[in-house]
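Chains as they are written, first to last, in the numbering used here: chain A, 2 to 188; chain B, 1164 to 1595; chain C, 18 to 212. For every residue, glycine included, the Cβ atom is placed at its ideal position computed from N, Cα and C. Worksheet for the structure shown next.
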Amino acid sequence: MGMESIPHNFLTGRLEDLVKWARRNSVWPATFGLACCAIEMMATGAAHYDLARYGMEVFRASPRQADLMIVAGRVSQKMAPVLRQVYDQMVEPKWVISMGVCASTGGMFNNYAIVQGVDQIVPVDVYVPGCPPGPETLMHGILMLHDEIRHGEIMKRRGKDTGAGIEVEQLDGTPSHVQPVTLSRSA
Amino acid sequence: MTRHKVRDDTRLEHQTDEGDQVLKPVRRDSTTRELVVTGGLWPDDTETTIINMGPQHPSTHGVLRVMLELDGETVLRLKPIVGYLHTGMEKTAEELTYVQGATNVTRMDYVSPLSNELVWSMAVERLLDLEIPLRATWIRMYLVELNRIASHLLFQATNGMDIGALSMMVYGWRDREETLRLLEKITGLRMNHNFIRPGGVAADLPEGWEEDTLAVLDGVEKGVRDYSDLLNENPIWLERLVGVGILTTEQALALGVSGPILRSTGFPWDLRKSQPYLAYDEVDFDVVYTENGDCYDRFLIRLHEILESVKIVRQCIERMPAGDYRAQDRKVTPPPRARIDESMEALIHHFKLFTEGFKVPPGETYMAVESARGEIGCYLVSDGTGKPVRMHIRGPSFYNLQSTATMAEGTLVADTVAIISTVDPIMGEVDR
Amino acid sequence: MPDDDSAREAIHNLDSDAERAEAASDARKEEVAAAVVAKFPGTVFHDSHGQSVLYVDRAAWHDVAAHLRDDESFTQCLDVTAVDHLRDDVRLAVPGVTPERFEVVANFLSHPRNRRIRTICEVPEGDTTVASLVDVYPGVDFAEREVYDLLGITFEGHPDLTRILMPDDWDGHPLRKDDAPSRVPVTFKEDPAPR
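Next up, the structure:
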């Protein structure tokens, strides 16, 4: 059996599926390791729990080249504007995984110095609990993100009234999440 | 000397196939400049460049921001700017009881968390004037040395990656995984274990820990031999690290530097030997030190310290005493779980210990141990209640970072990365 | 407020003559402490769970450190920190030392003599200034900045006394007992209250 047995030289599918397949199989994370979770993130990328099987072992230092920001660790008051700036520099489509309890809700540090949940600053797609989450938990979160990419709509990233409804000002003044991202030229 | 002036396009006309072409005139306003290239050297530029490295940067260990003043490629001044991971742990410690304090402290130096827990527990026990059983001491020493191995392996991995030996990243993590798996079997967690608590340790060592540890140690020793073969005589490695970032003993002592950096300057100071705590005076190990004070020395010291820690762990396996894993002082230790079903007093005792916590009489103390990065100290002030008045952790990286400014003066930008990497700062204990 | 606290503060008294004499003889046993007490009158020696502590006058803070480095070979100042005793339940009282709201604490280590010593000075609430030790021990640069940042104690003579851990425009000194709360109330997403 070879190529001769295929009656036509065409494979059909939807463009959307192709785009989503490409997007989810090479999500490149930006290096945003902050604290203990960063160590577990590096462990997930290392040889034992290998992220390269998903095409994700290239942690891009430049946010412009990255698709995914894994906020790994506690976000302090001083770091919050830096986090936002790095997020803004990333190009659409971009996703955020909030890794660990400190990034998701402030964790055990319920005090003046830690932002109580990184979703106060950036919109989050997947929350991964744990202190720190083991590599298996992080991979579960990443696979959940892949699922979301697979089943979500590529035309519209975030609906108007879905999610937390948090208004977060982008640095240039335009809030990024409330407007649906469309690919048509008319908008 | 030739002068090339920008062409005055108002008068330019081309003769082409399509007929005469007239180019649109170039706007002459204040934004256009006349470039005069005379050849020879560039005009004398005495301005220096100030660049910013971090806080989000692949080569700063965590969220360290470094401002560099450069003259070309040479670093004139370096200023580390910290605070991007400030967690308010010292404030949180005032809200947590003394048993919960270990969960807080363990997240400071998150690469060797058991050292943090150890210094906290020792400070609390000193304030309580509490003696812990021999087995608890040896279990603590065994765990802390395992942690030192894991921490130094992480250093080898990240240092290798920063210098460019990317395979070291993978190898270092491979051996560290084995150590973490063993620690998970013993303490329940891969990191931030919360296992060493005031009074002893949280639980006894599990069945079969001796065989598991020996297997891990054999893997670590083989790994260290491999890394030595890969790196120690490697010409690129030597070129990048030898003679780079030299620190003298006087500078190190003045800056409050301790740990492998101080030992690399020719000063063999190790708290485990000089002011022994736990059972370090009963085990046989050497203090590794070198003379040159450069990056290569710091790398080599940590590599050999792994082997010294392996020696200590082997002795712990052979000589682990039998006994209690925590002090049976009723003030500090909860009653055995079985008794809670039988006795009302035991239930109340357990309840009070885990809600209010035990009370520590008023006092203050400073305890210090040798962690993988240097001297970590805990200054603890108590006031007779179940929560401390003030807990301050003297993080070694906080002081070691000050030495980067001294080490980096006069080096190149690429050397700065090597210097920061071999100082091995962990921002969790810098910023707390 | 301060009146309330001084009324609440139960002072653990070591007031008997015998105990005071014993404390003085302890100072003689510890020769470093004895030298400092002799050179800087007003210094009080205290044995804290086996560790030597010297309570020095705020005015002598810098000179005591210089003496320790130059004459007693205390090669390293390991740590400078401060404590806010505003809400202490029972405060440790050392005879001869007037307790104030803040205490600045410095830990020293002598490598050649292999010993440690601690100096503490009391800093009142209204006048939170202490001499900086940076010219004696350059390594306490960051530590003093941290004490200034988190507790608001100014160090005279420090080359760059700016905030180090909090953002530069932060208001207040979080580690003070009356400043930032140590436990922030947890809010939920649909919570009408401001975050």
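Legend entry - Residue environment, B/Ser1584, which counts as buried when at least 16 other CB atoms sit within 10 Å: Numbered from its first residue, the second sequence carries residue 1584 of chain B at position 421. Label assigned to B/Ser1584: buried.
Legend entry - A/Ile122 beta carbon less than 8 Å from that of A/Ala73: Here residue 73 of chain A corresponds to residue number 72 of the first sequence, with the count starting at 1. Here residue 122 of chain A corresponds to residue number 121 of the first sequence, with the count starting at 1. At a Cβ-Cβ threshold of 8 Å, A/Ala73 and A/Ile122 do not count as neighbours.
Inset, instruction - Might you give, ordered along the chain, the residues of its own chain that have their beta carbon closer than 6 Å to the beta carbon of C/Glu142, omitting 5 neighbours on each side? - result: Translated into positions along the third sequence, residue 142 of chain C becomes position 125. Hits under 6 Å: Arg118.
Inset, instruction - Compute the beta-carbon to beta-carbon distance between C/Val147 and C/Cys138, rounded to the nearest angstrom, for a pair I have assumed lies under 8 Å. - result: The residue labelled residue 147 of chain C in the question sits at position 130 within the third sequence. The residue labelled residue 138 of chain C in the question sits at position 121 within the third sequence. With a Cβ gap of about 7 Å, C/Val147 and C/Cys138 count as contacting.
Inset, instruction - Have a look at B/His1224, B/Ile1480 and B/Leu1343 and flag the residue whose alpha-carbon is nearest the alpha-carbon of B/Met1304. - result: Reading the second sequence from its first residue, position 141 is the one you call residue 1304 of chain B. Answer by Cα proximity: B/Ile1480.
Legend entry - B/Glu1445 burial status per 10 Å Cβ neighbour count (16 or more: buried): By one-based count along the second sequence, residue 1445 of chain B stands at place 282. In the assembly as shown, B/Glu1445 is an exposed residue. Its beta-carbon has fewer than 16 other beta-carbons within 10 Å.
Inset, instruction - Count the CB pairs spanning the stretch 1511 to 1526 of chain B and the stretch 1469 to 1484 of chain B that are closer than 8 Å, and state whether there are at least three. - result: Taking one beta carbon from each stretch, the stretch 1511 to 1526 of chain B and the stretch 1469 to 1484 of chain B have fewer than 3 pairs nearer than 8 Å; the two do not touch.
Inset, instruction - Can you pull the chain A residues whose beta carbon is under 7 Å from the beta carbon of C/Ala99, in chain order? - result: Counting from one through the third sequence, the residue named residue 99 of chain C turns up at place 82. Near C/Ala99 there are no residues of chain A at all, since even the closest Cβ is about 18 Å away, more than 7 Å.
Legend entry - Candidates B/Gly1323, B/Glu1340, B/Lys1242 and B/Thr1237, of which the one nearest B/Met1332 by Cα: Against the second sequence, residue 1332 of chain B aligns to sequence position 169. Here the closest residue by C-alpha is B/Gly1323.
Legend entry - Cβ separation of B/Leu1317 and B/Arg1339, assumed to be a contact under 8 Å, to the nearest whole Å: Position 154 of the second sequence holds residue 1317 of chain B. Position 176 of the second sequence holds residue 1339 of chain B. Rounded, the Cβ-Cβ distance is 6 Å, consistent with contact.
Inset, instruction - State the CB to CB distance for the pair B/His1220 and B/Thr1321, rounded to an integer number of angstroms; the pair is presumed to be in contact (CB under 8 Å). - result: Residue mapping note: residue 1220 of chain B aligns to position 57 of the second sequence, counting from 1. Residue mapping note: residue 1321 of chain B aligns to position 158 of the second sequence, counting from 1. 13 Å between Cβ atoms; not a contact.
Legend entry - Cutoff 6 Å; reference A/Ala188; Cβ partners in own chain excluding five residues on either side: Along the first sequence, one-based indexing puts residue 188 of chain A at 187. Any reading at A/Ala188 needs caution, since the residue's pLDDT is 30, under 50, leaving its predicted position unreliable; the model's value is listed next. Within the same chain, A/Ala188 has no close Cβ partners at all.
Legend entry - Rounded straight-line distance, which links the Cα of B/Thr1211 to that of B/Arg1166: Residue 1166 of chain B sits at position 3 when you count from the first residue of the second sequence. Residue 1211 of chain B sits at position 48 when you count from the first residue of the second sequence. Because B/Arg1166 sits at a pLDDT of 44, beneath the cut-off of 50, its placement in the model cannot be relied upon, and the following sentence gives the value as read from the coordinates. Cα to Cα, B/Arg1166 sits roughly 29 Å from B/Thr1211.
Inset, instruction - With C/Gln68 as the anchor, note down where its beta strand (DSSP E) starts and where it stops. - result: Residue mapping note: residue 68 of chain C aligns to position 51 of the third sequence, counting from 1. Start and end: Gln68 to Val73.
Legend entry - Run of the beta strand (DSSP E) containing A/Trp96, from where it starts to where it stops: Here residue 96 of chain A is taken as the residue at index 95 of the first sequence, counted from 1. Trp96 to Met100 is the extent of the beta strand (DSSP E) around A/Trp96.
Inset, instruction - With DSSP as the reference, label B/Ile1244 as helix, strand or coil. - result: Indexing the second sequence from 1 puts residue 1244 of chain B at position 81. Here B/Ile1244 sits in strand by DSSP.
Inset, instruction - Report the three-state DSSP secondary structure of B/Leu1233 (helix, strand or coil). - result: Here residue 1233 of chain B corresponds to residue number 70 of the second sequence, with the count starting at 1. Here B/Leu1233 sits in strand by DSSP.
Legend entry - For C/Val61, the three-state DSSP class (helix, strand or coil): Working through the third sequence from its first residue, we reach residue 61 of chain C at position 44. In the displayed model, C/Val61 falls within a strand according to three-state DSSP.
Inset, instruction - Just the chain A side, please: which residues come within less than 8 Å of B/Trp1336 by C-beta, in chain order? - result: Stepping through the second sequence from its first residue, residue 1336 of chain B is reached at position 173. What B/Trp1336 touches in chain A: Met43, Ala44, Ala47, Ala48 and His49.
Legend entry - Min CB distance C/Val164 to chain A below 8 Å: Your numbering for residue 164 of chain C matches position 147 in the third sequence. When Cβ-Cβ separations below 8 Å define contact, C/Val164 makes no contact with chain A.
Legend entry - Simplified DSSP state of C/Val140, which is helix, strand or coil: Position 123 of the third sequence, counted from the start, is the residue given in the question as residue 140 of chain C. In the structure shown, C/Val140 sits in a strand (DSSP, three-state: E or B).
Legend entry - Backbone secondary structure at A/Pro30 - three-state DSSP: Translated into the one-based positions of the first sequence, residue 30 of chain A becomes position 29. Assigned with DSSP and collapsed to three states, A/Pro30 falls in strand.
Inset, instruction - Can you grab the Cα-Cα spacing for the pair A/Val76 / B/His1249, in whole Å? - result: Along the first sequence, one-based indexing puts residue 76 of chain A at 75. Along the second sequence, one-based indexing puts residue 1249 of chain B at 86. Their Cα atoms are separated by approximately 9 Å.
Inset, instruction - Could you check what DSSP says for A/Arg54 in three-state terms: helix, strand or coil? - result: As a position in the first sequence, residue 54 of chain A is number 53, starting the count at 1. In this structure, A/Arg54 counts as helix in the three-state DSSP scheme.
Inset, instruction - List the whole-angstrom C-beta distance separating B/Met1530 from B/Met1285, where the pair is believed to meet the contact cut-off of C-beta under 8 Å. - result: Here the question's residue 1530 of chain B lines up with position 367 in the second sequence. Here the question's residue 1285 of chain B lines up with position 122 in the second sequence. Between B/Met1530 and B/Met1285 the beta-carbon gap is near 4 Å, inside 8 Å, which marks them as a contact.
Legend entry - Extent of the continuous beta strand (DSSP E) to which B/Met1216 belongs: For this step, residue 1216 of chain B is matched to residue 53 along the second sequence. According to the DSSP assignment, B/Met1216 belongs to the beta strand (DSSP E) that extends over Thr1212 to Met1216.
Inset, instruction - List the whole-angstrom C-beta distance separating B/Val1544 from B/Val1532, where the pair is believed to meet the contact cut-off of C-beta under 8 Å. - result: Residue numbering aside, residue 1544 of chain B sits at position 381 when the second sequence is read from its first letter. Residue numbering aside, residue 1532 of chain B sits at position 369 when the second sequence is read from its first letter. The Cβ separation is near 19 Å, so there is no contact.
Inset, instruction - Jot down the residue ranges of each uninterrupted alpha helix (DSSP H) in the stretch 86 to 151 of chain A, minimum 4 residues, whole runs only, in chain order. - result: List check, alpha helix (DSSP H) in window: 101 to 106.
Inset, instruction - Quick one: which residues of the stretch 1242 to 1254 of chain B get their C-beta closer than 7 Å to a C-beta of chain C? List them in chain order. - result: Listed by position, the residues of the stretch 1242 to 1254 of chain B near chain C (Cβ gap below 7 Å) are Val1245, Gly1246, His1249, Gly1251, Glu1253 and Lys1254.
Legend entry - Min CB distance A/Lys95 to chain B below 8 Å: Numbered from its first residue, the first sequence carries residue 95 of chain A at position 94. No, because no Cβ of chain B sits closer than 8 Å to the Cβ of A/Lys95.
Inset, instruction - May I ask whether a heavy atom of the ligand NAD can be found less than 7 Å away from the beta carbon of C/Cys138? - result: Annotation note on the ligand NAD: not contained in the displayed structure, which lists no ligands.
Legend entry - Contact under 8 Å by Cβ, B/Leu1309 with B/Leu1346: Looking up residue 1309 of chain B in the second sequence gives position 146. Looking up residue 1346 of chain B in the second sequence gives position 183. Yes, the Cβ-Cβ distance between B/Leu1309 and B/Leu1346 is below 8 Å.
Inset, instruction - Assign B/Ser1314 to one of two classes, buried (16 or more other C-beta atoms within 10 Å of its C-beta) or exposed (fewer than that). - result: Translated into positions along the second sequence, residue 1314 of chain B becomes position 151. Counting other Cβ atoms within 10 Å of its Cβ, B/Ser1314 reaches 16 or more and is therefore classed as buried.
Legend entry - Opening and closing residue of the alpha helix (DSSP H) in which B/Leu1291 lies: Residue 1291 of chain B sits at position 128 when you count from the first residue of the second sequence. Its alpha helix (DSSP H) spans residues Pro1276 to Leu1291.
Inset, instruction - Just grab the DSSP bridge partners of A/Leu69 for me. - result: Numbered from 1 along the first sequence, position 68 holds the residue referred to as residue 69 of chain A. Note: A/Leu69 sits in a beta bridge opposite A/Pro30 and A/Trp96.
Inset, instruction - Could you check what DSSP says for B/Ile1326 in three-state terms: helix, strand or coil? - result: As a position in the second sequence, residue 1326 of chain B is number 163, starting the count at 1. The answer is helix: DSSP assigns B/Ile1326 an H, G or I state.
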